[in-house]
Every structure is written in structure tokens, then in C-alpha cells.
Amino acid sequence: MDYVTGLPRTLRGYDSIWVIVDRLTKSAQFLPVKTTYGGVRYAQIFMNKTVRLHEVPVSIIFDRRSQSTLRFWKSFQEVLGTRLDLSAAFHPQTDGKSECTVHILEDMLRACVLKFGAIDKVQLIRQRLLVAQSRQKSYTDKRRRDLVFTTGDKVFLRVSPMKGVMRFWKRGKLSPRFIGPYEILDRVGAVAYCLALPPELSFIHPTFHVSMLRKYISYSSQVLEALAIPLDEKLSYEEEPTTIVDRQ
């Protein structure tokens, strides 16, 4: 066990990192702590974060702290049955694995706080993107107009087919996405229209958003006869077999 202290305080008040290294697997835990924590608080963190995941350790090499902290840890580890080995003063090789891990952690943290001017560059890029998007929007709006229908027009209605449904002898994604055409009875608000639905769709509310409608252009010379397919209240339909071609 070792500590990395003197770090900038976070929003939650953490200013230190408790480093716990497994001498067998070389795996490490980095636990955010506060310098104001006492032995009881450290014991709670140790039980919740380390013992809960890796069970009670056989022995621990502990960095020397104040005598009160040492007395608490000794009594605490005696209860757990763990041998507590204290590192020698001015001899970091006693706890060499933790020291090496601490050096690597400090290098990683140091790289995170270095300033390369990236924030200013990101702000400049964001401003230029906003200008470019505004310019592109102005070009698009010149040729863009809202979809508007009048009373008496005929439109197609979008439906949501289920997977595997056959319509017009096309299955799945190749089946038509619209049904109709249906006549517009009235305009409801700015973006909705009331349609004259057939009796088989009487259980569906006749008002639809403009995004579900497509304008119908009549060609008397090209008329397709659509098969009548029952729809549910969600404008979905299920597949039904038409013919049996074989049996086993």
C-alpha cells in the first residue's frame, strides 16, 4: 500500500490516491481518498473495494504513517488474520512494487494536466463549424418549403410493416411502405391532417402528422390493384400464407 498525495482537489473533495498493488498478479487499485480520512474510514474503503473483490490478504506491506494510524491498522489486521509488514524508513525498495506503480501513475496524471492549447483550438473549430453550418443552412432554406396539402387532395399514408410480411408479392423490406390514396378532409393545426379512411380502418384515429403523408399524383393509365390487408390500431399488418406449395 502507498499513497499519492498533494494532488489538485476534485469537485468531490478528493486530493489523494490510495494505491494497492497485488504482489502476485501485479494488479493495482487506485482509490480516490481525502487526506482528512482517518483509520476507520480507510478500513471501510479497504473492506468495500479490496476485500470484497479479492478476499482477505495473507500479508500487507504498509507504508509507515503516524503512530495512531499504525496502531489502528495493526489491531484491524489482527482481527482479519492478516500479517502487517511495515516498510523501513528511507528504504523504498521494501515496498518496491507500490513505488514503481506510484511513479507510473504520477506520469499518467502529469500527462493529463499538461496544456497543449487544445482547448483554444477546439473552441476555434467549434466557431468555424457554426459559421459553416449557418452558411449551408441559408443555401438549403432558399430551395426548401414545407409540405402543405389542401382539402380534397389525395395522399398516401405511411404504414409500419412487420418483418416477413408479403404485399404486392414482395416480402420484407421490398414491400410497399404506403397505403391509399385517401382524401384529405380537413387541416388540423399547422402540421396535421384529417383523412377520409375506409370502413376497415375505422378503429384508427383519422388525424395524422404531415410526415406520414405523401402526395398522390393520379395517372389514369397506370392503376395497380392492391390486395386488401387488415391493419391493426398501430397501422401494422401480419403475414398470412396464400398457398401451400409442399408438405412433409
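Residue 1 is where the sequence shown starts when you use full-length UniProt numbering, and the numbers rise one by one after that. Every residue gets a Cβ at the ideal spot worked out from N, C-alpha and C, and that includes glycine.
Worksheet item: Helix, strand or coil: how does DSSP classify Glu239 here?
Response: DSSP places Glu239 outside both helix and strand once states are collapsed to three, so it counts as coil.
Worksheet item: From this set, Gln127, Tyr139, Arg23 and Leu201, which residue's C-alpha is nearest Val58's C-alpha?
Response: Considering only alpha carbons, the answer is Arg23.
Worksheet item: Hey, Arg177 and Val159: beta-carbon distance below 8 Å or not?
Response: Yes, the pair counts as a contact, with Cβ atoms nearer than the cut-off.
Discussion item. Taking 8 Å as the threshold (C-beta atoms), are Val4 and Glu106 in contact?
Written reply: Taking the C-beta atoms as reference points, Val4 is found nearer than 8 Å to Glu106.
Worksheet entry | Bounding residues of the alpha helix (DSSP H) (the contiguous stretch that carries Gly39) | Gly39 -> alpha helix (DSSP H) spans Gly39 to Ile45.
Item to complete: Consult DSSP for Ser211 and reduce its assignment to one of helix, strand or coil.
Response: Of the three classes helix, strand and coil, the one that applies to Ser211 here is helix, per DSSP.
Fill in: Under the three-state DSSP convention, the category Ile119 falls into
Here DSSP, grouped into helix, strand and coil, assigns Ile119 to helix.
Worksheet item: In this structure, what does DSSP give as the bridge partners for Gln29?
Response: According to DSSP, Gln29 bridges with Ile20.
Fill in: Own chain, CB closer than 8 Å to Thr35, minus 5 neighbours either side, in chain order
Only Thr5, Asp15 and Ser16 meet the Cβ criterion.
Practice prompt. State buried or exposed for Val19, treating a residue as buried only when at least 16 other CB atoms are found within 10 Å of its CB.
Written response: For Val19, the number of other beta carbons within 10 angstroms of its own is at least 16, and it is reported as buried.
Worksheet item: What does a CB cutoff of less than 8 Å around Arg83 pick up in its chain, not counting 5 residues either side in sequence?
Response: Taken in chain order, the residues that qualify are Val58, Ser59, Ile60 and Gln77.
Item to complete: Measure the CB-CB distance between Met1 and Phe72 and report whether it falls below 8 Å.
Response: Not a contact, by the Cβ cut-off of 8 Å.
Practice prompt. Return the bridge partner residues of Lys142 from the DSSP annotation.
Written response: According to DSSP, Lys142 bridges with nothing at all.
Practice prompt. Give a yes or no on contact between the region 128–142 and the region 43–57, applying the rule of three or more CB pairs nearer than 8 Å.
Written response: Touching, no, given that fewer than three Cβ pairs across the two stretches are closer than 8 Å.
Worksheet item: Which of helix, strand or coil does DSSP assign to Leu201?
Response: Residue state, collapsed to three classes: helix.
Discussion item. Could you pull the DSSP bridge partners for Asp186 from this structure?
Written reply: Answer is Cys194.
Practice prompt. To the nearest angstrom, report how far apart Ser236 and Val122 are at their CA atoms.
Written response: The C-alpha of Val122 is placed about 47 Å away from the C-alpha of Ser236.
Practice prompt. Provide the residue span of the beta strand (DSSP E) that contains Lys154, from first to last.
Written response: Taken as a continuous stretch (DSSP letters only), the beta strand (DSSP E) holding Lys154 covers Lys154 to Arg158.
Discussion item. Contact defined as beta carbons within less than 8 Å: I believe Leu157 pairs with Phe208. What is the distance between those atoms, to the nearest angstrom?
Written reply: Yes, they are in contact, since the Cβ atoms of Leu157 and Phe208 sit about 7 Å apart, within 8 Å.
Item to complete: Can you check DSSP and say which residues form a bridge with Val4?
Response: DSSP, once it has assigned bridges, lists Ile17 as partnering Val4.
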